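Here's the structure we're looking at; comments come further down.
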Amino acid sequence: MTAVAATLAKPSWARCPSCGTMLYHKKLARNFQVCPDCGDHLRLTAAERIEQLADPGTVRYFAEQVWPTDPLEFTDSVPYPKRLAKAQHASGLPDAVRCATAAIGGVEVCLAVMDFRFMGGSLGCAAGEMITRAAETALALRSPLLIVTASGGARMQEGVLSLMQMAKVSQAIGQLQETGLLTVSVITDPTYGGVAASYATNCDVVVIESGARMGFAGPRVIEQTIRQDLPKNFQNADFLMRHGQVDAVQSRRELRGWLLRLLSSTEAGAVGVDFESDRVLVRDPGDLPVADPLRVVASARDVRRPTTLEYIGQIFDGFVELHGDRTFGDCAAIVAGFARFHGQPVAVVGHQKAHDTKELVARNFGMPRPEGYRKALRVMRLAAQLGLPVVSLVDTPGAYPGIDAEERGQSGAIAQSILAMSSLPTPLVTVVTGEGGSGGALALAVSDRVMMMADGFYSVISPEGCAAILWGSSDSASEAAAGLRITARDLLRQGVVDGVIPEPDGGVPAQPARAAQLLDAALAEVLPELLAMTGQQLVEARRRRFRAFGTDCVISDESQEGGAA
């Protein structure tokens, strides 16, 4: 049949499998194969997916194809070779994966895209080999790897050899990550079993298409084996987002743009970086006025101060927020992701407050739970893997002390963040933009350079908490605040901060845009010197920095002898 005849033979209309609406094929194609009535995302072939994601004219399919064999001589109701032949005839593919190199927004990537038409996208030896080869090609080209999944799981007809593909592909992804290359998984409907439990979720970034489902076991398997009643929308994209399993949920129409921003904001070796800016940091405590500590505390807590997301929106370009700790959930009190600062790709993490009661409650008043710290650390580790600096913006009363936070390991989450930051071989810069409350602040502030806004504060405990414990009443908060030495001038004198960012006339709430300009200038002032250092130099200097705190507590010879005795 000629191409023209095939086109004429193709039905002009299709029925949406979700809502039953009759859809005109050309209109459906213009809408990315998404039903305009109910929003259901119809399945795409691998070629259609690649065409939607790649820049026009840049796709180069792998010349060498891998064909499946019958290693077990398996037969169920029909011999396995007959099943393969039927799938190959129906799909026009050797197996369930197509691989190609292409550009997305000008960034060269290697793609491995699964096609559900071929035996439900099941993972067999040939599919595993193709994805592994895609990873090896990405390694050779020093390019990101993008995997698009659509699978019912491992292919039973190839037995334990199909199981081994989970480890084989994961190993290839691990090699990319060890070499400092980005791996991205795009989850489409459905993704289950061995695929979900390997390369679909062990990539650096996991984005799921709207309405897609993913899980280790499918709902029917769960209901028939362990007899559990499942909640509505179990394992769908929104469920996975709420439970911290994915970084983002994207509609098909928005997916390419989201990936474009992600690739642009994580592209190592960026060119055209320009950090030229006014020098604004105050580095001499004598240049700062003596401030009333309690007034500073009130100013730092002012709900009119810009939030982390507002600073990000004014200072950084192309911010892509990532969500979830991949273990339990997402925490709205911490935001984390990647962006560009003066052309330089960076990771940005920070505490997030709000300006009104409803949003403050949603953000838990800027008090993170353990999953928030684990999310931030995941992004910081990825930044180190990619060789990108990290900017952290601190503004929190402290880590959330609730029962649920304790159940999920709040202390351990903070401890792991502090420990990991001390050895990340990439530039780390922290700015205390408001409150710097105790270990909840330090968990994002073990950095090479720590700065703060002039009306911010940084303390081991709130003045009210200190007063209640040591004075017996929070009425003595003013005395506690003075005694704790928590103002910018005090902290600069102690060496806890390296520079202070002056606040605009009238204070930050009066001129938030000017405050953002000053913060921008301060970051541009300190980043170049850190980017010029190697990872080893950064870690050694960072450890010396924190090792020095408290060394003025000299131990006398007599005390040493007494201790030894």
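Residues in the sequence shown are numbered consecutively from 801, following our numbering.
Backbone N, C-alpha and C define an ideal beta-carbon position, used for all residues, glycine too.
Bear in mind the structure is a predicted one, so any value in this text is a computation, not a measurement.
### Task
Would you mind listing the alpha helix (DSSP H) stretches within the stretch 1157-1205 that are 4+ residues and don't spill past its ends, in chain order?
1157-1162 and 1170-1186
### Task
Just the C-alpha distance for ALA997 and GLN1210, rounded to the nearest angstrom, thanks.
27 Å
### Query
So who's on the other strand from ARG1013, going by DSSP bridges?
ASN1036
### Query
Distance, Cα to Cα, GLU1076 vs GLY1057?
29 Å
### Message
Given a cut-off of 9 Å on the beta-carbon distance, is the pair PHE1119 and SER1051 in contact?
### Response
no
### Task
Just the C-alpha distance for PRO1093 and GLU1264, rounded to the nearest angstrom, thanks.
12 Å
### Task
Go through its chain and collect everything with a Cβ distance to LEU1319's Cβ below 8 Å, but skip five positions before and after it.
Taking C-beta separations shorter than 8 Å and ignoring five residues to either side along the sequence, the partners of LEU1319 in its chain run TYR1111, ILE1115, VAL1231, THR1233, MET1253 and ILE1301, following chain order.
### Query
Between VAL1097, VAL1148, PRO1106 and ARG1095, which lies nearest to ASP1117 when the distance is taken from Cα to Cα?
VAL1148
### Query
For TRP780, does the three-state DSSP call read helix, strand or coil?
Here the chain comprises residues numbered 801 to 1365, so residue 780 is not present and cannot be evaluated.
#### Entry: Sequence-distant residues of its chain with Cβ nearer than 7 Å to PHE918 (five each side left out)
ALA887, SER891, LEU893, ASP895 and ALA896
### Query
Quick one: what does DSSP say TYR880 is sitting in, helix, strand or coil?
Residue state for TYR880 is assigned as helix, using DSSP reduced to three classes.
### Task
Throw me the rounded Cβ distance for the HIS1151 and PRO1168 pair, which I believe falls under 8 Å.
Rounded, the Cβ-Cβ distance is 7 Å, consistent with contact.
### Task
Give a yes or no on whether the C-beta atoms belonging to THR937 and THR988 are separated by under 9 Å.
No. Outside cutoff.
### Message
Buried or exposed for ALA1378, going by 16 or more other Cβ atoms inside 10 Å?
### Response
No answer is possible for residue 1378: it lies beyond the span of the chain, which begins at 801 and ends at 1365.
### Task
Would you mind listing the alpha helix (DSSP H) stretches within the stretch 887-937 that are 4+ residues and don't spill past its ends, in chain order?
none
### Message
Three Cβ pairs or more, each shorter than 8 Å: is that satisfied between the stretch 1089-1105 and the stretch 1272-1292?
### Response
Taking 8 Å as the limit for Cβ pairs, the verdict is that the stretch 1272-1292 does touch the stretch 1089-1105.
### Message
I'd like to confirm something about THR901: is its beta-carbon nearer than 8 Å to some heavy atom of the ligand NAP, or not?
### Response
Among the components modelled here there is no ligand, and therefore nothing to report on the ligand NAP.
### Task
Spell out the partners DSSP gives LEU1228 in its beta bridges.
Listed as beta-bridge partners of LEU1228 by DSSP are VAL1190.
### Task
Would you tell me roughly how many angstroms separate the C-alpha atoms of PHE1349 and ILE1026, rounded to the nearest one?
55 Å
### Per-residue burial, GLU864 [other beta carbons within 10 Å of its own, 16 or more giving buried]
exposed
### Query
Is the distance from the Cβ of THR1123 to the Cβ of VAL1191 below 9 Å?
Here residue 1123 is His; the residue named in the question, Thr, does not match the sequence. For HIS1123 and VAL1191, no; Cβs fall outside 9 Å.
### Task
Under 8 Å by Cβ, that's how I've got VAL984 and LEU946 pegged, so tell me the actual separation to the nearest angstrom.
5 Å
### Query
With burial defined as no fewer than 16 other Cβ atoms inside 10 Å of the residue's Cβ, what is the status of PHE1138: buried or exposed?
buried
#### Entry: Residue burial classification, ILE1203 (beta-carbon count within 10 angstroms, cutoff 16)
With fewer than 16 other beta carbons inside 10 angstroms of its own, ILE1203 counts as exposed.
### Task
Going by DSSP, name the residue or residues bridged to ASP1117.
ARG1140
### Among ILE1261, VAL1250, MET1221 and MET1180, nearest to ALA1199 - alpha-carbon criterion
Comparing Cα-Cα distances from ALA1199 to each of ILE1261, VAL1250, MET1221 and MET1180, the minimum goes to ILE1261.
### Query
For GLY1237, which residues from the same chain have a beta carbon less than 6 Å from its beta carbon, with the 5 sequence-adjacent residues on both sides left out?
Here the set comprises THR1196, PRO1197 and GLY1198.
### Stretch-stretch touch, CB-based, cutoff 8 Å, three pairs: the stretch 903-917 with the stretch 872-886
The stretch 903-917 is not in contact with the stretch 872-886.
### Message
Considering just the uninterrupted stretch of the beta strand (DSSP E) at ILE947, what are its terminal residues?
### Response
945-951
#### Entry: Range of the contiguous alpha helix (DSSP H) that encloses MET1221
First-last of the alpha helix (DSSP H) with MET1221: 1210-1221.
### Query
So, helix, strand or coil for ARG1347, using DSSP?
helix
#### Entry: C-beta contact flag for PRO990 and ALA1012 at 9 Å
Inclusion of PRO990 and ALA1012 in the CB contact set at 9 Å is warranted, their separation being smaller than that value.
### Task
Decide if the stretch 1179-1188 is in contact with the stretch 970-982; the criterion is three or more beta carbon pairs, one per stretch, under 8 Å apart.
yes
#### Entry: VAL1146 to ARG1140 span [Cα, whole Å]
6 Å
### Query
Roughly how many angstroms separate the alpha carbons of THR1157 and VAL1135, rounded to a whole number?
One C-alpha to the other measures close to 19 Å.
### Query
Among MET964, ARG942 and LEU941, which residue has its Cα nearest to the Cα of ALA926?
MET964
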